[in-house]
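Inspection log for the structure reproduced underneath, given as structure tokens.
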Amino acid sequence: MTDTQDEQKQAVGEAAAALVEDGMVVGLGTGSTARFLVDALGRRVGDGLRIVAIPTSERTAEQARSVGIPLVGLDTHPRIDLTVDGADEIELGSLALIKGLGGALLREKIVAAASKRLVIIADESKLVKRLGRRTPVPVEVVRFGWQATAAHLRELGAEPILRHAGGDVPFITDGGNLILDCKFDGIADPRASELAIDDVVGVVESGLFINRAECALVAGIGGVRRIVR
Ligand code: 5RP
Numbered sequence: 029m030t031d032t033q034d035e036q037k038q039a040v041g042e043a044a045a046a047l048v049e050d051g052m053v054v055g056l057g058t059g060s061t062a063r064f065l066v067d068a069l070g071r072r073v074g075d076g077l078r079i080v081a082i083p084t085s086e087r088t089a090e091q092a093r094s095v096g097i098p099l100v101g102l103d104t105h106p107r108i109d110l111t112v113d114g115a116d117e118i119e120l121g122s123l124a125l126i127k128g129l130g131g132a133l134l135r136e137k138i139v140a141a142a143s144k145r146l147v148i149i150a151d152e153s154k155l156v157k158r159l160g161r162r163t164p165v166p167v168e169v170v171r172f173g174w175q176a177t178a179a180h181l182r183e184l185g186a187e188p189i190l191r192h193a194g195g196d197v198p199f200i201t202d203g204g205n206l207i208l209d210c211k212f213d214g215i216a217d218p219r220a221s222e223l224a225i226d227d228v229v230g231v232v233e234s235g236l237f238i239n240r241a242e243c244a245l246v247a248g249i250g251g252v253r254r255i256v257r
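Sequential numbering from 29 applies to the sequence shown in our numbering.
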């Protein structure tokens, strides 16, 4: 069997949607894999599942509304039962993650931090032995003085590149900030790197997610498998 990447994303989206139970507050991730989760959950809501959900981006909020998932905020629901989200890299063994290539890392981390459980969904291409060799770490920074922030990140060994939405127009996050995609030569100690990046003045949050995922549902040619730490 040779599933396409989209079929694999759909398989993990549907497997994660099956984890959702009546009465739950659910965190909805962002990205092409999370889209399949939202579609599958929308179908379950249509069949009578009673949940409320908190989206991690305006994009996901729009999709969730379009499939009939009732949305709430952290103001009324500060504790989330289960969040399902994608990832750009998943480190085997530790389940440390790089997230944010989709630009939603800040809300994703706030929602993850408010969640009792975080389940990551991905296809096998996201599994790595060491984070950061292939994928830059997205870092959300405030607009004021971003060049100075980038210089500090360079001192940490990163090669920061300002993300663009197209042409010369910088990408602006849902929080109104910029993203610096920071290429490292591999990340030996993800927690130390997360702390060092967060310590830089001007940084709002980094796309390193450490000790947050309970498990990852990973789709490959043989089907979906559950990976734990
Ligand atoms: C968005 C994210 C996404 O979860 C991550 O980029 C994975 O996206 P995709 O499922 O499209 O590969 O962190 O900020």
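Each residue gets a CB set at the ideal place from its N, CA and C atoms; glycine is no exception.
As the structure is a computational prediction, the values presented were derived from the model and not from experiment.
Taking DSSP as the reference, what is the three-state secondary structure of ARG191?
-> In the structure shown, ARG191 sits in coil (DSSP, three-state: anything other than H, G, I, E or B).
Rounded to a whole number of angstroms, what is the C-alpha to C-alpha distance between GLU117 and LEU129?
-> One alpha carbon belongs to GLU117, the other to LEU129, and they sit about 10 Å apart.
Where VAL229 and ILE108 are concerned, what is the direct C-alpha to C-alpha distance, given to the nearest angstrom?
-> Approximately 30 Å between the Cα atoms of the pair.
Distance, Cα to Cα, ARG191 vs ALA179?
-> Near 16 Å, if we compare the C-alpha coordinates of ALA179 and ARG191.
Cα-Cα separation, THR163 to ALA244 | In this model, THR163 and ALA244 are separated by some 18 Å (Cα to Cα).
Label PHE172 either buried or exposed according to how many other C-beta atoms from any shown protein chain fall within 10 Å of its C-beta, with 16 as the threshold for buried.
-> Under this definition PHE172 is an exposed residue.
For GLU168, write down the residues that DSSP places opposite it in a beta bridge.
-> Here GLU168 is bridged, per DSSP, to ILE207, GLU233.
Could you check what DSSP says for LEU155 in three-state terms: helix, strand or coil?
-> In the structure shown, LEU155 sits in a strand (DSSP, three-state: E or B).
Return the CA-CA distance between THR177 and VAL231, expressed in angstroms with no decimal places.
-> Put simply, the backbone Cα of THR177 is about 7 Å away from that of VAL231.
Reference ALA89; option with closest CA among ARG78, ARG63, LEU77, LEU134 = Looking only at ARG78, ARG63, LEU77, LEU134, the smallest Cα-Cα distance to ALA89 is reached by ARG63.
Please confirm whether any heavy atom of the ligand 5RP lies closer than 7 Å to the CB of LEU129.
-> Checking the Cβ of LEU129 against the ligand 5RP gives yes.
Taking just the CA atoms, how far does ARG182 sit from VAL206?
-> This sequence places Leu at residue 206; Val is not what is there. Roughly 16 Å separates the two Cα atoms.
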